[in-house]
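**Q** Structure below; questions to follow.
There are 2 protein chains.
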Amino acid sequence: MRTVQNTNELIDCGLGKITSDLVLKNIKLVNVYSKEIYESKIHIKNRRIVSTDPDANFTAKEEIDCKGLYALPGFIDGHMHYSSSMINPEAMAQVIVPKGTTTVCADFMEIANVIGSDAIDIMLEGANKLPYRIAIEVPTRVPTAPALETTGKVINVEETKKLLKCPETVSLGEVAPSKILQRTDDNIEKICSAINMGKVVNGHAVGCDIRDLSVYASAGVSDDHEAVEWEEALNRLRLGMHVMIREGSGARNLQMFVKNALEFGYGFENTSFCTDDKHINDIENEGHINHNVNLAIRLGLDPITAISMATINAAKYLRVEHDYGSISPGRFADIILCDSIEKIEPQIVYFEGKRVFEKDKMEVKRIDRKYPEWIQDTVHFKRPISPDLFKVKALNKSFVKVNIAKLVKDQIINKHITASLLVKDGLVMRDFYKDIMKFAICERHGKNGNVGVYFVQGFTLKKGALAYSMTHNHQNICVIGANDKDMFLAVNKVKDMKGGLVTVIDGEVIASMPLVIGGLISDEMDAKVIRDQLIEMNKSAKETGCTLAAPFMTLSFIGHPAIPELAPTDIGLVGVDKQEFIPLVEV
Amino acid sequence: MRTVQNTNELIDCGLGKITSDLVLKNIKLVNVYSKEIYESKIHIKNRRIVSTDPDANFTAKEEIDCKGLYALPGFIDGHMHYSSSMINPEAMAQVIVPKGTTTVCADFMEIANVIGSDAIDIMLEGANKLPYRIAIEVPTRVPTAPALETTGKVINVEETKKLLKCPETVSLGEVAPSKILQRTDDNIEKICSAINMGKVVNGHAVGCDIRDLSVYASAGVSDDHEAVEWEEALNRLRLGMHVMIREGSGARNLQMFVKNALEFGYGFENTSFCTDDKHINDIENEGHINHNVNLAIRLGLDPITAISMATINAAKYLRVEHDYGSISPGRFADIILCDSIEKIEPQIVYFEGKRVFEKDKMEVKRIDRKYPEWIQDTVHFKRPISPDLFKVKALNKSFVKVNIAKLVKDQIINKHITASLLVKDGLVMRDFYKDIMKFAICERHGKNGNVGVYFVQGFTLKKGALAYSMTHNHQNICVIGANDKDMFLAVNKVKDMKGGLVTVIDGEVIASMPLVIGGLISDEMDAKVIRDQLIEMNKSAKETGCTLAAPFMTLSFIGHPAIPELAPTDIGLVGVDKQEFIPLVEV
Chain A
37 MRTVQNTNEL IDCGLGKITS DLVLKNIKLV NVYSKEIYES KIHIKNRRIV
87 STDPDANFTA KEEIDCKGLY ALPGFIDGHM HYSSSMINPE AMAQVIVPKG
137 TTTVCADFME IANVIGSDAI DIMLEGANKL PYRIAIEVPT RVPTAPALET
187 TGKVINVEET KKLLKCPETV SLGEVAPSKI LQRTDDNIEK ICSAINMGKV
237 VNGHAVGCDI RDLSVYASAG VSDDHEAVEW EEALNRLRLG MHVMIREGSG
287 ARNLQMFVKN ALEFGYGFEN TSFCTDDKHI NDIENEGHIN HNVNLAIRLG
337 LDPITAISMA TINAAKYLRV EHDYGSISPG RFADIILCDS IEKIEPQIVY
387 FEGKRVFEKD KMEVKRIDRK YPEWIQDTVH FKRPISPDLF KVKALNKSFV
437 KVNIAKLVKD QIINKHITAS LLVKDGLVMR DFYKDIMKFA ICERHGKNGN
487 VGVYFVQGFT LKKGALAYSM THNHQNICVI GANDKDMFLA VNKVKDMKGG
537 LVTVIDGEVI ASMPLVIGGL ISDEMDAKVI RDQLIEMNKS AKETGCTLAA
587 PFMTLSFIGH PAIPELAPTD IGLVGVDKQE FIPLVEV
Chain B
37 MRTVQNTNEL IDCGLGKITS DLVLKNIKLV NVYSKEIYES KIHIKNRRIV
87 STDPDANFTA KEEIDCKGLY ALPGFIDGHM HYSSSMINPE AMAQVIVPKG
137 TTTVCADFME IANVIGSDAI DIMLEGANKL PYRIAIEVPT RVPTAPALET
187 TGKVINVEET KKLLKCPETV SLGEVAPSKI LQRTDDNIEK ICSAINMGKV
237 VNGHAVGCDI RDLSVYASAG VSDDHEAVEW EEALNRLRLG MHVMIREGSG
287 ARNLQMFVKN ALEFGYGFEN TSFCTDDKHI NDIENEGHIN HNVNLAIRLG
337 LDPITAISMA TINAAKYLRV EHDYGSISPG RFADIILCDS IEKIEPQIVY
387 FEGKRVFEKD KMEVKRIDRK YPEWIQDTVH FKRPISPDLF KVKALNKSFV
437 KVNIAKLVKD QIINKHITAS LLVKDGLVMR DFYKDIMKFA ICERHGKNGN
487 VGVYFVQGFT LKKGALAYSM THNHQNICVI GANDKDMFLA VNKVKDMKGG
537 LVTVIDGEVI ASMPLVIGGL ISDEMDAKVI RDQLIEMNKS AKETGCTLAA
587 PFMTLSFIGH PAIPELAPTD IGLVGVDKQE FIPLVEV
């Protein structure tokens with residue numbers, strides 16, 4: 037928020053009546069408004085930029101000679117989920133700030149699904165100490181699919197309006213197409229409120245055709261990050277939707293977009309970057325939003341355009357350009373210093389005028405935050421889980437026709453297929469030859485003890501079981517297994533840890549990683565520890581024979597009632613298109 | 037404002053459950069997002085666009101075959117003043133809608149200076165009947181220069197906050213540099229409130245150098261329409277300010293900007309168009325915002341970029357792109373149909389889904405509005421005006437050195453010069469040889485009866501007097517005259533008419549035009565009548581020998597305390613730079 041006092045100090049400083057706090061001299065300024073690079077200097081006062089004039093001659097308390105480094109605005113991740121990285125905002129700082137990200141737009145719907153709208157307040161409570169900024173997308177998918185899934189809590193219209201009023205809020209978070217296509221007044225009222233309060237509305241138009249996209253846009257949804265094919269991206273652009281180009285751990289859409297846009301001559305004015313879901317090790321290895329920028333440049337995009345997408349384009353679209361997204365007077369001093377704009381690896385990062393990273397290490401003390409006890413105890417079963425609950429009974433036939441989710445390589449969507457499965461002793465069997473394994477969702481909010489058991493093809497599991505206390509977006513425990521007993525063990529281990537990841541092989545827990553904050557996020561404050569745990573978990577998953585790149589992330593998306601085509605939930609098997617249950621076994 | 041009911045109807049229509057109201061078939065859609073032109077059709081429901089999909093196959097109540105015409109979004113005038121055109125919003129429709137303008141961003145500061153913040157409510161009262169949209173810029177220059185001018189009313193911080201909350205409000209209106217450079221908490225609080233409420237802040241940085249511009253931007257001012265030289269425009273772009281390129285009756289900055297930007301390779305993403313001050317006859321003869329577009333194209337700009345500047349660029353900057361600025365689902369159906377995009381002359385104009393203009397005539401009935409009596413009676417003298425009041429006394433010398441405003445051809449600024457004037461019988465004389473005439477400002481809010489008398493060079497008057505009840509921004513009566521008696525007659529005639537324009541020659545009123553709404557705007561509802569009156573007034577001004585293109589507009593800017601370099605007000609002679617009085621006669 038702007039205050040009279042701070043504004044007056046900026047004015048007095050700009051007029052030379054009082055000194056600035058800091059001047060960064062001898063920089064090459066990357067100007068994302070005029071699309072130029074020129075030699076200049078940056079004066080900073082009270083966290084904000086007060087002058088970028090090369091000829092400004094007022095004095096500063098501190099001078100730094102930047103020796104000809106480029107100065108870029110800090111990067112903006114237009115849309116992300118902490119739960120996907122399993123990392124708390126404090127530890128996240130250690131991972132993304134060194135990559136130059138100074139703002140993330142976060143949808144906390146996962147933890148909100150577990151503990152309600154308080155989740156946002158709790159996650160933000162420590163935010164003013166962070167060396168980067170969290171902009172809030174108010175979650176709309178709490179729940180995603182009422183009556184088709186059991187969630188812990190609901191965020192209603194009144195709570196939504198309250199959250200929309202927060203100064204940190206930039207948008208109404210990704211609205212599922214079903215909420216619009218099967219319109220319910222509650223959801224439409226949330227959208228109208230957001231628009232009338234001057235906020236944008238994020239989309240989540242997975243697999244929508246032009247007709248549904250048009251309806252979506254007409255209802256007021258103004259962006260989307262789910263375009264996988266060029267035609268989908270172009271449809272969005274033509275309908276006046278801002279396209280957030282996603283490059284995460286799983287979904288990688290950048291090359292598709294940039295190559296096609298360059299080839300066919302489309303501009304990048306209405307585009308920006310996001311990660312959506314990205315694991316720590318991927319961020320460490322390849323980068324965060326700087327990876328999106330660097331990859332786009334490698335694909336032939338000119339650096340200033342790519343940098344603009346990571347900064348001012350997002351800031352304009354989100355209506356925050358007065359506060360960040362450029363190196364201009366009045367904006368917060370979020371600045372990356374680096375020696376190349378062909379491949380951006382930050383040497384120094386400033387956040388709100390403070391040097392927060394320099395030469396491979398954070399310049400601010402690690403923040404250790406103790407989260408409230410009650411949000412670290414959210415995994416509860418209404419009734420005990422036994423191995424018997426994972427049996428799938430069938431009539432006394434030899435074979436049954438079963439509706440199955442077939443995973444699509446490197447995507448979070450799946451295909452709805454049917455397969456004929458053997459029935460033995462009245463129970464439907466897995467098919468190891470066809471790679472069809474059992475998959476279950478166990479309700480974990482202590483509400484009804486639901487256990488839904490299904491079949492999934494393409495997970496490449498050969499033995500054991502993997503379990504995780506996160507399923508988009510109801511956050512029930514998902515488990516895949518080559519035998520029922522290992523599934524039973526894995527699920528109970530997850531519960532005993534109060535949430536997390538588990539790998540079981542032949543009756544033994546061979547690896548586990550606790551995620552106690554809402555059963556979704558680690559309470560570990562050292563990002564490296566979380567990264568090593570996750571690497572260990574992925575290694576353990578390989579021992580089950582699984583060859584997927586990110587097995588637990590893939591696992592967590594299978595039961596997502598808004599991701600096509602089939603979504604097995606704790607209640608039943610959801611046909612995503614029509615948002616209706618379909619039978620597991622065809623009669 | 038978005039409502040659940042309207043949004044639901046858009047959704048149902050888009051899903052084909054209910055018919056659309058209208059489909060425009062066989063159009064060439066100018067898509068300002070994807071920067072393409074392609075064949076398509078537009079379905080409209082409830083004033084908004086519901087689909088632009090060429091393959092949409094739902095039915096419409098009414099079908100129109102547009103026979104291959106181009107369909108463009110309605111044009112936006114990013115900043116204008118009704119008082120400059122002397123025309124009320126109702127009559128304005130007849131002039132601008134045929135030119136394709138469907139939205140004007142209006143600063144009503146002139147009438148607010150006369151009657152206070154109620155002015156905005158009163159001007160907007162009939163707005164929902166208009167065939168175009170008025171977006172409000174909340175006036176900040178009420179007054180422009182407290183203590184340096186006498187105004188009728190003041191708009192304080194609380195009133196400003198209330199106006200900022202109006203759904204029609206898009207911005208805090210043009211903030212004078214002096215309000216920031218000589219910061220007063222009231223003005224800074226207005227700016228902070230606007231920003232914190234999500235509104236943009238319009239600038240008015242006449243003649244500011246880079247240092248002052250930087251201060252201006254750091255305080256939160258985010259656009260400007262006063263760049264006259266290319267260096268000024270480039271400074272604004274580099275500082276992250278949106279540049280509104282003005283092409284009005286007096287100030288014409290478009291050619292400067294477009295030629296230079298094209299020559300030096302700057303983009304147009306952060307630019308849009310405005311008229312600021314434009315007379316009816318100029319609008320009729322050359323066009324309104326379509327003139328800006330057409331001129332830019334003539335100068336070599338590609339048509340889609342020029343059209344984007346007149347539509348989506350303004351809408352994005354003003355944070356209204358969800359409502360207008362493009363032909364996209366969910367936006368109001370403001371559509372221009374025309375047969376060329378090289379030279380845009382609208383054949384048909386739709387406003388909010390209604391055909392409002394077709395083939396040289398308005399398709400909606402003329403709106404006749406009766407404005408409240410009390411705002412038609414705002415010209416009051418505290419004491420009678422006599423010819424004696426126009427005398428300038430001096431000590432018993434032969435000559436005195438006088439500070440004089442020297443007009444600059446085709447600009448609203450003036451230069452501060454000094455000249456030696458003859459003193460006769462203790463009175464300072466005009467200098468007909470040097471074209472130095474007497475100029476006076478008569479306070480007309482009934483407050484103090486001030487009459488300030490000064491000298492102005494360059495008005496080219498040879499005889500008679502011209503008077504006008506508008507002076508930016510205090511709205512006192514300005515008068516220029518070759519003799520005191522004609523000045524006296526002209527001013528009194530203005531008062532007797534309750535405001536307006538008057539030409540007097542040799543003791544006779546040879547032409548007059550009443551402007552009774554606030555003493556600024558005509559109550560005539562037929563635009564042609566106003567135009568003819570104004571043509572008549574300009575003709576009559578020529579009979580005084582005056583060769584200026586727009587003598588009354590020029591007259592009204594001389595006493596503007598924010599336009600460099602000298603501003604004679606009812607109180608004294610203001611040095612605009614320092615915002616201090618300087619003596620008329622040097623001692």
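Protein chains in written order, with my numbering: chain A, 37 to 623; chain B, 37 to 623.
Note that beta-carbon positions come from the ideal geometry of N, C-alpha and C, so glycine has one too.
(1) At which residue ranges does the segment 187-248 of chain A contain complete beta strand (DSSP E) runs of 3 or more residues, listed in the order of the chain?
(2) Closest to B/S516 by C-alpha separation, out of B/R466, B/G482 and B/N484, would be which residue?
(3) Kindly indicate which three-state DSSP category B/Y353 falls into: helix, strand or coil?
(4) Please confirm if the segment 206-214 of chain B is in contact with the segment 223-238 of chain B, defined as three or more CB-CB distances below 8 Å between the two stretches.
(5) Which class does B/A603 belong to by DSSP, given the choice of helix, strand or coil?
(6) Are the C-beta of A/E302 and some C-beta of chain B separated by less than 8 Å?
(7) Are the segment 460-476 of chain B and the segment 404-419 of chain B touching, with three or more C-beta to C-beta distances below 8 Å?
(8) What whole-angstrom Cβ distance do A/S76 and A/T95 have, given they're in contact under 8 Å?
(9) Taking beta-carbon pairs under 8 Å, can you tell me which members of the segment 105-133 of chain B lie near chain A?
(10) From A/W410 to A/N149, what distance separates their C-alpha atoms?
(11) Which residues, taken in chain order from the segment 257-274 of chain A, show a beta carbon closer than 8 Å to some beta carbon of chain B?
(12) Please tell me whether B/V174 has its Cβ less than 8 Å away from any Cβ of chain A.
(13) State the Cα-Cα distance for the pair A/I227 and A/K197, rounded to the nearest angstrom.
(14) Counting contacts by CB-CB distance shorter than 8 Å, is A/V251 in contact with chain B?
(15) Taking beta-carbon pairs under 8 Å, can you tell me which members of the segment 205-222 of chain A lie near chain B?
(16) Find the residues of chain B that neighbour A/E225, judging by a C-beta separation of less than 8 Å, and give them in chain order.
(17) So the beta strand (DSSP E) B/P167 belongs to, where does it begin and stop?
(18) Please classify B/P587: is it buried, with 16 or more other beta-carbons within 10 angstroms of its beta-carbon, or exposed?
(19) Using only the alpha-carbon positions, how far apart do A/H240 and A/V612 sit?
(20) If we cut at 8 Å on Cβ distances, does B/N232 have a partner in chain A?
(21) Counting Cβ pairs, one atom from each stretch, are 3 or more of them under 8 Å apart for the segment 322-329 of chain B and the segment 130-138 of chain B?
(22) Going by alpha carbons, who is nearest to B/E378 out of B/K397, B/I333 and B/L354?
(23) Assign B/K460 to buried or exposed, taking buried as 16 or more other Cβ atoms, counted over all protein chains shown, within 10 Å of its Cβ.
(24) What residues are listed by DSSP as bridge partners for A/R84?
(25) Considering only DSSP beta bridges, list what A/S376 is partnered with.
(26) Would you grab the beta carbon distance between B/K352 and A/K352 for me? Rounded to a whole angstrom, and I think it's under 8 Å.
(27) Does the structure place the segment 350-367 of chain B close enough to the segment 252-264 of chain A that three or more beta carbon pairs sit under 8 Å?
(28) How many angstroms separate the CA atom of A/L425 from the CA atom of A/V487?
(29) Are at least three pairs of beta-carbons, each pair with one atom in the segment 495-511 of chain A and one in the segment 391-398 of chain A, less than 8 Å apart?
(30) Using CA coordinates, which residue listed in A/A598, A/F293, A/G276 and A/N232 is at the minimum distance from A/E624?
(31) Please indicate yes or no: does the CB of B/I172 lie closer than 7 Å to some heavy atom of the ligand SAM?
(32) Sort B/F304, B/R355, B/D259 and B/T347 by Cα distance to B/F111 and report the nearest one.
(33) Report the neighbours of B/E305 on chain A: residues whose CB is nearer than 8 Å to its CB, in chain order.
(34) Would you kindly work out how many angstroms separate the C-alpha atoms of B/F144 and A/I607, rounded to a whole number?
(35) Do you know how far the Cα of B/S285 is from the Cα of B/K201?
(36) Can you find a CB in chain A that lies within less than 8 Å of the CB of B/H358?
**A** So, from the listed chains and residues:
(1) 205-211 and 236-239
(2) It is Ile, not Ser, that sits at residue 516 of chain B in the sequence shown. Checked all of B/R466, B/G482 and B/N484; the closest Cα to B/I516 is B/R466.
(3) helix
(4) yes
(5) strand
(6) What sits at residue 302 of chain A in the sequence shown is Tyr, not Glu. So, interface residue.
(7) no
(8) Their Cβ separation, rounded to whole angstroms, is 17 Å, which puts A/S76 and A/T95 out of contact at 8 Å.
(9) none
(10) 15 Å
(11) S258, L270, L273 and R274
(12) no
(13) 10 Å
(14) yes
(15) I216, L217, R219 and D221
(16) V40
(17) Segment: none, B/P167 is in no beta strand (DSSP E) and carries neither H nor E.
(18) buried
(19) 13 Å
(20) yes
(21) yes
(22) B/I333
(23) exposed
(24) A/K81 and A/F368
(25) According to DSSP, A/S376 bridges with nothing at all.
(26) 7 Å
(27) yes
(28) 7 Å
(29) no
(30) Any question about residue 624 of chain A goes unanswered here, given that chain A covers just 37 to 623.
(31) Among the ligands in the structure shown, none appear at all, so the ligand SAM cannot be discussed.
(32) B/T347
(33) E305
(34) 60 Å
(35) 32 Å
(36) yes
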